[in-house]
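The opening residue of the sequence shown carries number 1 in the UniProt record's numbering; numbering runs sequentially from there. Backbone N, C-alpha and C define an ideal beta-carbon position, used for all residues, glycine too. So the structure is just underneath, and the comments pick up after that.
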Amino acid sequence: MIKSTITETKTLNYPLPSLTYFVKMPHPTSHLFEVGLQIEHWSNSLLNLKMPVWTPGSYLVREYARHIQDFKAVSKDKQKKLLSQKISKNHWQVETKEVENILITYRVYANELTVRTNHLDNTHGYFNGAALFYFIPGLEATPITLEIVPPNSTWKVSTGLPAIPEKVNQFYAKDFDTLIDSPFEIGSHAIYSFEVLGKPHQYAIWGTGNIQPNQVIEDTKKIIETEAKLFNGLPYDNYLFILHLTQNSFGGLEHKNSCSLIYSRFHFKDTDKYNRFLQLVAHEFFHLWNIKRIRPQALETFDYDQENYTPSLWFSEGTTSYYDMVIPLRAGIYDAHKFLEILGKEITRFLSTPGRKVQPLSESSFDAWIKLYRRDNNSDNCQISYYLKGELVSLLLDLLIRAKHQNQRSLDNVMVQMWEQFGKSETGFTPHQLQRVIESVADMDLQSFFNLYVDSIEELPFNKYLNPFGLQVKPIMEDDGVPYLGIKVQSENNKEIIKFVEKGSPASLEGIDPEDELLAINGIRVTTDELNQRLKDHQPNEIVSITVFHQDELRTFSVTLGKPQPSRYEVVKLENPSPLQQENLSGWLGNI
Numbered sequence: 001m002i003k004s005t006i007t008e009t010k011t012l013n014y015p016l017p018s019l020t021y022f023v024k025m026p027h028p029t030s031h032l033f034e035v036g037l038q039i040e041h042w043s044n045s046l047l048n049l050k051m052p053v054w055t056p057g058s059y060l061v062r063e064y065a066r067h068i069q070d071f072k073a074v075s076k077d078k079q080k081k082l083l084s085q086k087i088s089k090n091h092w093q094v095e096t097k098e099v100e101n102i103l104i105t106y107r108v109y110a111n112e113l114t115v116r117t118n119h120l121d122n123t124h125g126y127f128n129g130a131a132l133f134y135f136i137p138g139l140e141a142t143p144i145t146l147e148i149v150p151p152n153s154t155w156k157v158s159t160g161l162p163a164i165p166e167k168v169n170q171f172y173a174k175d176f177d178t179l180i181d182s183p184f185e186i187g188s189h190a191i192y193s194f195e196v197l198g199k200p201h202q203y204a205i206w207g208t209g210n211i212q213p214n215q216v217i218e219d220t221k222k223i224i225e226t227e228a229k230l231f232n233g234l235p236y237d238n239y240l241f242i243l244h245l246t247q248n249s250f251g252g253l254e255h256k257n258s259c260s261l262i263y264s265r266f267h268f269k270d271t272d273k274y275n276r277f278l279q280l281v282a283h284e285f286f287h288l289w290n291i292k293r294i295r296p297q298a299l300e301t302f303d304y305d306q307e308n309y310t311p312s313l314w315f316s317e318g319t320t321s322y323y324d325m326v327i328p329l330r331a332g333i334y335d336a337h338k339f340l341e342i343l344g345k346e347i348t349r350f351l352s353t354p355g356r357k358v359q360p361l362s363e364s365s366f367d368a369w370i371k372l373y374r375r376d377n378n379s380d381n382c383q384i385s386y387y388l389k390g391e392l393v394s395l396l397l398d399l400l401i402r403a404k405h406q407n408q409r410s411l412d413n414v415m416v417q418m419w420e421q422f423g424k425s426e427t428g429f430t431p432h433q434l435q436r437v438i439e440s441v442a443d444m445d446l447q448s449f450f451n452l453y454v455d456s457i458e459e460l461p462f463n464k465y466l467n468p469f470g471l472q473v474k475p476i477m478e479d480d481g482v483p484y485l486g487i488k489v490q491s492e493n494n495k496e497i498i499k500f501v502e503k504g505s506p507a508s509l510e511g512i513d514p515e516d517e518l519l520a521i522n523g524i525r526v527t528t529d530e531l532n533q534r535l536k537d538h539q540p541n542e543i544v545s546i547t548v549f550h551q552d553e554l555r556t557f558s559v560t561l562g563k564p565q566p567s568r569y570e571v572v573k574l575e576n577p578s579p580l581q582q583e584n585l586s587g588w589l590g591n592i
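Written out as structure tokens, the structure reads:
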């Protein structure tokens with residue numbers, strides 16, 4: 001009662017602070033956004049400002065504060081400079097005694113074009129809120145007005161935030177989370193509008209390439225309709241796809257009613273590369289349910305100051321990765337044969353990663369902050385991606401449920417139940433609750449499954465779960481079987497640099513290291529392109545001399561070659577599937 005009375009009295013005596021952000025870019029070639037924060041009706045003697053250290057959807061502390069410069073604080077009505085100091089890496093404090101109206105100004109260096117950072121040049125400005133805006137602790141729920149001031153009148157503004165009626169380039173965010181969740185594309189980009197299920201959608205495309213917008217839109221419509229059918233509708237009023245076309249880039253970041261995509265500009269006419277783009281679209285769009293609304297409890301409320309740990313990213317990201325293969329199949333973008341080809345490539349990636357034998361899936365999720373985005377030359381030996389293993393565990397769960405219930409139940413039912421139970425209300429789920437939902441759909445105890453395939457390093461038994469569908473994983477030997485050395489080599493500046501040495505391989509056992517320069521086999525110079533052919537001149541268990549420069553020191557190692565390893569894996573049909581296996585397969589993938 002006392003707390004309620006105090007709150008009521010304060011509300012009556014002191015208007016709630018109002019927050020308005022301004023984003024200007026008067027000199028785009030400087031790569032500097034000029035940002036202003038106007039605070040009115042302030043009533044405290046100190047103002048604390050914090051810059052987020054990470055952005056939801058990208059689980060790494062990125063220290064966005066490092067790009068801030070020229071911080072100033074003034075009393076807006078008296079134009080008096082206010083004393084301020086930085087008290088930690090992302091925390092500023094301003095003395096505001098007897099000051100009601102405050103103007104904070106600063107600049108943000110923006111010259112990193114990714115889906116999670118900021119980029120400004122003479123063609124456009126793109127920013128993510130977490131990398132541009134301060135938050136005021138305690139006022140995270142306060143509504144925010146945002147005004148964009150482009151460098152000239154020809155630049156357009158695209159964002160998922162609602163525009164303020166009758167105001168030019170002014171937008172409204174109901175709280176700080178919404179501001180952070182709404183990237184902006186500002187510039188001369190192309191805008192393509194289309195409608196799906198009665199709701200407006202847009203592509204905002206920056207950059208040039210061989211993209212065919214009409215085809216992309218038609219295929220995107222199919223993806224949207226397919227995913228909406230699964231969840232029985234679309235949970236937004238409008239949706240924006242921001243697409244950046246660049247050289248040799250790939251990535252996406254999900255938001256509640258928009259997403260940012262980045263893709264190689266000339267990869268739209270090659271069928272496989274175009275399919276990969278559509279998988280990216282399907283992935284980020286699926287996230288508007290799975291992670292933006294169906295969230296682990298640890299991400300129910302974002303802590304922008306530090307890491308937010310959860311062991312459930314294997315479901316949030318990995319299951320989404322499984323569906324980004326499934327959705328284009330269901331949408332008719334590719335057929336079941338292409339689906340199995342893509343699945344085979346994913347299994348190849350998994351079985352070619354030694355780290356699967358070291359790091360459990362739940363630990364991979366928990367350690368995302370220190371491992372997944374901080375790769376080094378030992379990463380493949382000590383970790384496994386929760387995207388990759390998570391999608392394959394999701395595959396096994398889907399097959400398990402389908403086989404037990406003759407395709408009358410599937411992982412789809414899990415997604416729908418998670419949506420109904422947690423997503424609609426945006427109530428965070430615990431790992432235990434997730435497991436209970438999966439068990440309820442499967443109608444069986446899955447504790448052993450989770451112990452083995454989520455919480456331990458037990459090998460995934462693909463054939464056990466594929467067999468009821470008349471399928472199996474088949475190892476493929478190419479190049480007539482190359483004796484196993486265990487290194488990956490890359491040409492750099494006319495040098496052959498060893499980039500990876502597999503743990504436990506013949507090369508590793510003798511002491512060959514990543515970043516060694518490969519020179520010769522048995523005294524004869526060898527290049528990257530020649531390596532496999534040269535190894536084929538030898539037999540397993542044969543000893544060869546490998547000469548390298550190790551930190552500029554010439555060394556020669558006697559290495560005993562191992563047996564040839566599969567170069568890839570394919571998912572193929574059994575020779576004589578039973579009628580039940582054929583029926584199961586048809587129920588899962590359609591006619592094949």
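Asked: By a C-beta neighbour count over all protein chains shown, 10 Å radius and 16 as the cutoff for buried, is Thr9 buried or exposed?; Found: Only weak support exists for where Thr9 lies, its pLDDT of 32 falling under 50; the coordinates are left without a value.
Asked: From the DSSP output, which residues share a beta bridge with Tyr309?; Found: DSSP lists no partner for Tyr309.
Asked: So, are the CB atoms of residue 630 and Asn275 less than 8 Å apart?; Found: Coverage of the chain is limited to positions 1 through 592, which leaves residue 630 absent and any answer about it impossible.
Asked: Hey, quick one: how far does the beta strand (DSSP E) through Phe450 stretch, first residue to last?; Found: Segment Gln447 to Tyr453 is the alpha helix (DSSP H) holding Phe450; no beta strand (DSSP E) there.
Asked: If I'm right that Glu517 touches Glu496 with Cβ under 8 Å, what's the distance once you round it to whole angstroms?; Found: 6 Å
Asked: Classify Ser186: buried if its beta carbon has 16 or more other beta carbons within 10 angstroms, exposed otherwise.; Found: A small correction: the amino acid at residue 186 is Ile; Ser does not occupy that position in the sequence shown. With 16 or more Cβ atoms within 10 Å of its Cβ, Ile186 is classed as buried.
Asked: Judging by CA-CA distance, which residue of Trp588, Leu434, Gly423 and Gln565 is the nearest neighbour of Asn467?; Found: Trp588
Asked: Pick helix, strand or coil for Glu95, following the three-state DSSP scheme.; Found: strand
Asked: Nearest-angstrom Cα distance between Asn522 and Val437?; Found: 59 Å
Asked: Report buried or exposed for Ile6, applying the criterion of at least 16 other Cβ atoms within 10 angstroms of its Cβ.; Found: For Ile6, the predicted model reports a pLDDT of 30, less than 50, meaning its position is unreliable; a value from the coordinates is still stated below. Ile6 should be labelled exposed.
Asked: Please state whether DSSP places Gln581 in a helix, a strand or coil.; Found: helix
Asked: For my contact list, Gly160 and Ser193 are in at a C-beta cut-off of 8 Å; report their separation, rounded to the angstrom.; Found: The Cβ separation is near 14 Å, so there is no contact.
Asked: Would His189 and Glu100 be called neighbours here (beta carbons separated by less than 8 Å)?; Found: no
Asked: Return yes when the Cβ of Asn377 is within less than 8 Å of the Cβ of Lys503, no when it is not.; Found: no
Asked: Less than 8 Å between C-beta atoms, sequence neighbours within five positions excluded: which residues of the same chain meet that for Ser578?; Found: Gly470
Asked: Starting from Gly423, trace the beta strand (DSSP E) in both directions and tell me its first and last residue.; Found: Taken as a continuous stretch (DSSP letters only), Gly423 belongs to no beta strand (DSSP E), as it is neither H nor E.
Asked: Provide the residue span of the alpha helix (DSSP H) that contains Asn48, from first to last.; Found: No alpha helix (DSSP H) holds Asn48; the beta strand (DSSP E) holding it covers Leu46 to Lys50.
Asked: Once you ignore the five residues that flank Phe350 on each side, which residues in its own chain have a CB closer than 7 Å to its CB?; Found: Arg356, Leu388, Lys389 and Leu392
Asked: Taking its Cβ as the centre, do 16 or more other Cβ atoms sit within 10 Å of Ser88, making it buried, or is it exposed?; Found: exposed
Asked: So, is Ser4 buried or exposed, given that buried needs 16 or more other C-beta atoms within 10 angstroms?; Found: Because Ser4 sits at a pLDDT of 31, beneath the cut-off of 50, its placement in the model cannot be relied upon, and the point is left open.
Asked: Return the CA-CA distance between Thr11 and Ala173, expressed in angstroms with no decimal places.; Found: With a pLDDT of only 40 at Thr11, under the threshold of 50, the placement of this residue in the model should not be trusted; the figure read from the coordinates follows. When rounded, the distance between both Cα atoms is 22 Å.
Asked: Once you ignore the five residues that flank Pro564 on each side, which residues in its own chain have a CB closer than 8 Å to its CB?; Found: Met477, Gly481, Val482, Pro483, Tyr484 and Pro540
Asked: Report the three-state DSSP secondary structure of Glu8 (helix, strand or coil).; Found: With a pLDDT of 34 at Glu8, under the threshold of 50, the predicted position of this residue should be treated as unreliable, and no value is reported.
Asked: Pair every Cβ in the segment 422 to 436 with every Cβ in the segment 238 to 257, then say whether three or more of these pairs are closer than 8 Å.; Found: no
Asked: Could you give the distance in angstroms between the alpha-carbon of Pro26 and the alpha-carbon of Pro151?; Found: 5 Å
Asked: Just list the beta strand (DSSP E) runs in the segment 255 to 284, keeping only unbroken ones of 3 residues or longer that don't cross its boundaries, in chain order.; Found: 258 to 264
Asked: Give the range of the alpha helix (DSSP H) segment to which Asp507 is assigned.; Found: The sequence shown places Ala at residue 507, not Asp. Start and end: Pro506 to Glu510.
Asked: Could you tell me the alpha carbon to alpha carbon distance between residue 594 and Ser491, rounded to whole angstroms?; Found: Here the chain comprises residues numbered 1 to 592, so residue 594 is not present and cannot be evaluated.
Asked: In terms of residue numbering, what span does the beta strand (DSSP E) encompassing Ser321 cover?; Found: Ser321 -> not in any beta strand (DSSP E); alpha helix (DSSP H) instead, spanning Thr320 to Arg330.
Asked: Quick one: Cα of Tyr109 to Cα of Ser43, how far?; Found: 32 Å
Asked: Is Lys229 buried or exposed, if buried means 16 or more other CB atoms sit within 10 Å of its CB?; Found: exposed
Asked: Please list the terminal residues of the continuous beta strand (DSSP E) segment that includes Lys573.; Found: Arg568 to Lys573
Asked: What residue range is occupied by the uninterrupted beta strand (DSSP E) comprising Asp70?; Found: Ile68 to Ser75
Asked: Give me whichever residues DSSP pairs with Thr289 in a beta bridge.; Found: A small fix is needed here, since residue 289 is Trp in this sequence, not Thr. Its beta-bridge partners do not exist; DSSP assigns none.
Asked: Does Ala442 come out as helix, strand or coil in the three-state DSSP assignment?; Found: helix
Asked: Do you know offhand how far Glu140's Cα is from Thr301's?; Found: 11 Å
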